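Structure first, then comments.
There are 2 protein chains.
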Amino acid sequence: MGVEIKIPEATISRISVYSRYLVEVERQGIVNISSGEIAEGVGGTPAQVRKDLAYFGAFGTRGVGYNVRLLNQEIKEILGLSRQWDVILIGAGNLGSALSQYRGFRERGFNILAVFDNDMNKVGLKLNGLPIYAINQMADFIRENKVSIGIIAVPADYAQDVADILIDSEIEGILNFAPTVLTVPEEVIVRDVDLAVNLEVLTYNIENKDV
Amino acid sequence: MGVEIKIPEATISRISVYSRYLVEVERQGIVNISSGEIAEGVGGTPAQVRKDLAYFGAFGTRGVGYNVRLLNQEIKEILGLSRQWDVILIGAGNLGSALSQYRGFRERGFNILAVFDNDMNKVGLKLNGLPIYAINQMADFIRENKVSIGIIAVPADYAQDVADILIDSEIEGILNFAPTVLTVPEEVIVRDVDLAVNLEVLTYNIENKDV
DNA sequence: AAATGAATGTAAAAAAATTAACAAACACCA
DNA sequence: TGGTGTTTGTTAATTTTTTTACATTCATTT
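Residue numbers (my numbering), protein chains in the order written: chain R, 7 to 217; chain W, 7 to 217.
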């Protein structure tokens, strides 16, 4: 009977950015930070920062601000980053290769276990230290290793087939880099990263700067 | 004195996805399509599709739907894709390499002219057929070739320096893959593609599925 | 111990975006 | 030619998100 409080997706994106910024700030040895300083650091407004954080609790001290280390700890907890996330990557092409050694993932606690590809010239080899397996080994691997997330970095034509295997293997979430809309049951969470779409939003904004 | 009509950024993202879907539909030889069919194809609602399109004009025929080819033409015009976009890529690392040969860019009319990197072992070589130049050659190159967009794929620590050069060279837009917030003057449009943030929004959504 | 200053947390207001609803327009058929 | 069914374009309603404004709280100083 409790009132449902829906938290904007944009808030989640922003607190992830706050967290990344706080890591940097903590590294500089700064102990306390105000909403205004966070806003300045990430390009937002103080009110927005406070509002975003207030969805989850009262982490600050009035008149003082937020303790950098504690706030970052709270945010990581909110984002689900206090547990480790085991991830597999599907697609050992150029994009897959880039993602397999992307520092940002490891730094934030994501653990890529293996790469899957259907190219038999690649299967058995390593990609940036990660083993490459065939896609027909994927379902077993996911179950045996309790993999939570699959990152799809295959061409659009194969993406749904890959997704179907992931779904069958009871994956929890999919980060989809293929430029296509995936059909998944509602218990599987998908997030699309659409590179061309991003570029097109940019061109639109360039062309309509002044308007 | 005209009323300003602000178009949601989400609308721009969506029409870009519609366009990609229409390409596929057109390839299948389908001539007309309804808002409901588009919605089904991209995972949206018919009302949303119509509303998004209505910001820009009346492209359909009542009782019939939209002519696939014409609608796609209109959308591309809206997104600024009727002109060609000359792009450079900064960073010849793994991510830069992946982006340099990303099909989705070329398919949508983006033309990557060159890659820039500070690693002198790479300068002078080619990356997927594209010349690699030193970053100190970048400003001249941008002006001489009237480059509109720079794609930043360098580590976060160097991203602002690269951005500063792009800004000085009067670039129009920046697609930023570096996990950091760039400071730019307001006439330069930036769009961030933050890979770890996307993964963290995914983990949040997984952890809060049922709520 | 009271006063001052600073910055949070939140309630209320405003703005923005989405959804619903329906009249208008068109194709097709009898 | 008139009626029927379909689907758009648009207005209105609703929902969501952002912004504003300020009372509350805490640290510090006198």
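Here a beta-carbon is modelled for each residue, glycine too, at the ideal position from N, C-alpha and C. Just so you know, these numbers come straight off a predicted model, no measurement behind them.
Tell me which same chain residues have a C-beta within less than 8 Å of the C-beta of residue i, skipping the five on either side of it?
{"i": "Q166 (chain W)", "result": "T186, L188 and T189"}
{"i": "I148 (chain R)", "result": "I94, G156, L172, S175, E176 and I177"}
{"i": "G50 (chain W)", "result": "R20 and I44"}
{"i": "G71 (chain W)", "result": "N38, I39, S40, S41 and E43"}
In its own chain, which residues sit with a C-beta less than 7 Å from the C-beta of residue i, not counting the 5 before and 5 after it?
{"i": "N73 (chain W)", "result": "V37 and N38"}
{"i": "F116 (chain R)", "result": "W91 and V93"}
{"i": "N211 (chain W)", "result": "none"}
{"i": "A120 (chain R)", "result": "I94, L136, P137, Y139 and F147"}
{"i": "V207 (chain W)", "result": "none"}
{"i": "V129 (chain R)", "result": "D123, I138, Y139 and A140"}
{"i": "D58 (chain R)", "result": "T17, R20 and I21"}
{"i": "N151 (chain W)", "result": "D92 and L119"}
{"i": "P52 (chain W)", "result": "S41, G42 and A45"}
Among the candidates the options, whose CA atom is the shortest distance from the CA of residue i?
{"i": "G156 (chain W)", "options": "W:N211, W:W91 and W:S41", "result": "W:W91"}
{"i": "N134 (chain R)", "options": "R:I118, R:F62 and R:A16", "result": "R:I118"}
{"i": "G69 (chain W)", "options": "W:G42, W:E80, W:D58 and W:L87", "result": "W:G42"}
{"i": "L76 (chain R)", "options": "R:Q143, R:S106, R:E32 and R:N151", "result": "R:E32"}
{"i": "E83 (chain R)", "options": "R:S25, R:V153, R:I96 and R:T67", "result": "R:S25"}
{"i": "L85 (chain R)", "options": "R:V168, R:Y164, R:K152 and R:V23", "result": "R:V23"}
{"i": "E80 (chain W)", "options": "W:F183, W:I21 and W:A53", "result": "W:I21"}
{"i": "A184 (chain R)", "options": "R:P191, R:K128 and R:D200", "result": "R:D200"}
{"i": "Y61 (chain R)", "options": "R:A159, R:K12 and R:E150", "result": "R:K12"}
{"i": "G110 (chain W)", "options": "R:E46, R:L28 and R:A162", "result": "R:A162"}
{"i": "R114 (chain W)", "options": "R:M126, R:G130, R:E46 and R:A202", "result": "R:A202"}
{"i": "T209 (chain W)", "options": "R:G49, R:V153, R:Q34 and R:D58", "result": "R:V153"}
{"i": "N127 (chain R)", "options": "R:M144, R:G99, R:G66 and R:N151", "result": "R:G99"}
{"i": "D170 (chain W)", "options": "W:G50, W:S19, W:N151 and W:A145", "result": "W:A145"}
{"i": "T67 (chain W)", "options": "W:S40, W:N151 and W:Y108", "result": "W:S40"}
Output needed for residue i: all residues of its chain with C-beta closer than 6 Å, excluding positions within five of it in sequence on either side, in chain order.
{"i": "I141 (chain R)", "result": "F122 and N124"}
{"i": "P14 (chain R)", "result": "none"}
{"i": "G179 (chain W)", "result": "I155 and I195"}
{"i": "G47 (chain W)", "result": "Y27"}
{"i": "L181 (chain R)", "result": "I157 and R197"}
In this structure, does DSSP put residue i in helix, strand or coil?
{"i": "T51 (chain W)", "result": "coil"}
{"i": "M7 (chain R)", "result": "The predicted position of M7 (chain R) is uncertain, since its pLDDT is 45 and thus under 50; no value can be drawn from it."}
{"i": "L188 (chain R)", "result": "coil"}
{"i": "N214 (chain W)", "result": "coil"}
{"i": "R89 (chain W)", "result": "coil"}
{"i": "I96 (chain W)", "result": "strand"}
{"i": "R68 (chain R)", "result": "coil"}
{"i": "V199 (chain W)", "result": "coil"}
{"i": "I13 (chain W)", "result": "coil"}
{"i": "I180 (chain R)", "result": "strand"}
{"i": "I44 (chain W)", "result": "helix"}
{"i": "I39 (chain R)", "result": "strand"}
Can you tell me the Cβ-Cβ gap for residue i and residue j, rounded? I've got them flagged as a contact below 8 Å.
{"i": "S106 (chain W)", "j": "L136 (chain W)", "result": "6 Å"}
{"i": "N204 (chain R)", "j": "R197 (chain W)", "result": "6 Å"}
{"i": "A104 (chain R)", "j": "L101 (chain W)", "result": "4 Å"}
{"i": "E193 (chain R)", "j": "K215 (chain W)", "result": "7 Å"}
{"i": "V160 (chain W)", "j": "I96 (chain W)", "result": "6 Å"}
field: Whole alpha helix (DSSP H) elements within the stretch 103-171 of chain R, 4-residue minimum
entry: Runs found: 109-113 and 144-151.
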